[in-house]
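> Next up is a structure, given as structure tokens.
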Amino acid sequence: MNQISTQTKENMGKFDGKQIRGLVGNIVIRKGKKAPIVQSAPCKYKQTKATKQESSLFGKGSTLASALRHELNLIVSSNQDGEMVNRFNTPIKAVLRQCYDPETQKFSFSEDSFSRLAGFEFNIKSPLINNLWVSPEMQLNGNILTISLPEIEIPAQLKFPLASNTCTLMVIVSFTSLEQCLRKQSATQTIEMSQNETIVPARQFDFEVPQGCLCIAGIGLKYFSSHNSIRTTLNSKVFNPAGIIGAVISPGTFVLSPPVRIGNKTIASPWSPIFNLTL
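Quick note: the sequence shown uses our numbering, first residue 7, plus one each step.
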């Protein structure tokens with residue numbers, strides 16, 4: 007009986023009495039139903055430093071994007087389009103790559119690093135821009151973030167779908183400390199609008215923001231059918247106008263406030279860590 011051997015056990019095939027099986031050189035022989043199957047051995051790739059960095063940035067981008075989506079979910083309510091997650095991950099990962107220094111292995115963010123998020127639509131089947139025909143403006147003055155909503159003419163500038171007669175416009179702002187990878191519950195303000203109105207006056211929404219935080223502002227439209235004190239939600243996977251109107255990093259350095267004690271009780275911090283994220 008002839009035996010086949012190689013220099014290392016890893017490259018040694020075995021004879022089972024009928025045929026050779028296993029790895030022999032750069033080929034793999036395995037048992038088939040009628041005859042042995044010969045395939046090329048899988049290649050082993052060694053990651054370079056650059057490849058490892060890219061893989062790390064990819065993971066960090068996905069984790070951060072997931073946390074930001076979670077904080078904005080009040081205007082999404084899981085009624086996003088099927089590709090929204092991938093569409094949202096893309097700009098977040100691009101920002102992290104742009105702001106990462108391979109030599110120092112650190113991130114450096116500026117006030118407008120995430121400005122490309124402005125105009126992002128959470129449901130491309132029903133874009134916010136096609137249902138709210140005015141342009142909200144966002145401005146940061148000190149620690150006050152102001153969202154200015156112009157006068158709205160109904161129905162020319164606010165579209166009501168069939169069967170709806172009331173609409174809640176929600177403005178939301180999320181708060182994220184990128185340096186410490188912490189997040190805080192988003193702040194919201196709303197206004198109610200009726201299909202019977204002709205003009206909705208201009209309005210400003212002011213939000214107090216922490217220092218050194220990524221603040222993302224969004225608007226969502228929630229439509230209802232209201233009859234005889236019964237209110238039915240009409241938003242769905244195919245109709246949910248919601249989008250981002252701006253993103254800014256507030257000036258200063260984020261400082262996590264110490265726990266507050268009232269008597270024998272400790273008030274929990276409003277900030278929580280973003281799971282499995284370090285920047």
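Cβ atoms here follow ideal geometry from the backbone N, Cα and C, with glycine treated the same way.
Please go through the same chain and pick out, in chain order, the residues whose beta-carbon is closer than 7 angstroms to the beta-carbon of Q59, but skip the five residues on each side of it.
Taken in chain order, the residues that qualify are P108.
> Compute the Euclidean distance between the alpha carbons of V179 and N234, then round it to the nearest angstrom.
The straight-line gap from Cα to Cα measures roughly 33 angstroms.
> Among the candidates I273, T172, S256 and K131, whose CA atom is the shortest distance from the CA of E117?
Closest option to E117, Cα to Cα, is S256.
> Within its chain, find whatever has a CB closer than 8 angstroms to the CB of P216; leave out the 5 residues flanking it on each side and keep chain order.
Closer than 8 angstroms at Cβ, skipping near neighbours: N149, F181, S183, K190, S256 and F260.
> The beta strand (DSSP E) with N79 in it runs from where to where?
Here N79 belongs to no beta strand (DSSP E); instead the alpha helix (DSSP H) covers N79 to V82.
> Taking all protein chains shown into account, decide if P279 is buried (16 or more other Cβ within 10 angstroms of its Cβ) or exposed.
When all chains shown are included, P279 counts as exposed.
> Please state whether DSSP places A253 in a helix, a strand or coil.
Strand.
> Given a cut-off of 8 angstroms on the beta-carbon distance, is the pair A162 and W139 in contact?
Taking 8 angstroms as the Cβ cut-off, A162 and W139 qualify as a contacting pair.
> Cβ atoms of T194 and M176: under 8 angstroms apart, would you say?
For M176 and T194, yes; Cβs fall inside 8 angstroms.
> For the alpha helix (DSSP H) holding N147, just list the boundary residues, first then last.
Not the alpha helix (DSSP H): N147 falls in the beta strand (DSSP E), residues E143 to N147.
> Between L74, P207 and F120, which has its C-alpha nearest P156's C-alpha?
The shortest C-alpha separation from P156 is found at P207.
> Could you name the residues of the same chain whose beta carbon sits closer than 7 angstroms to that of I236, not counting the 5 residues immediately before and after it, in chain order?
Closer than 7 angstroms at the Cβ level, and outside the excluded window around I236, lies no residue.
> Give the straight-line distance between the Cα atoms of P276 and F213, rounded to the nearest whole angstrom.
Distance between the alpha carbons of P276 and F213: 16 angstroms.
> Since G226 and I130 are thought to touch, with beta carbons under 8 angstroms apart, how far apart are those beta carbons, to the nearest angstrom?
Going by Cβ atoms, the distance from G226 to I130 rounds to 15 angstroms, so no, they are not a contact pair.
> From R93, C105, G65 and M144, pick the residue whose C-alpha is nearest to that of I222; which is it?
Answer by Cα proximity: M144.
> Does L102 come out as helix, strand or coil in the three-state DSSP assignment?
Looking at L102 - three-state DSSP - the assignment turns out to be helix.
> Using a Cβ-Cβ cutoff of less than 7 angstroms, which residues in the same chain neighbour A71 once the five nearest sequence positions on both sides are dropped?
For A71, where only same-chain residues beyond five positions count, the Cβ hits under 7 angstroms are F94, N95 and I98.
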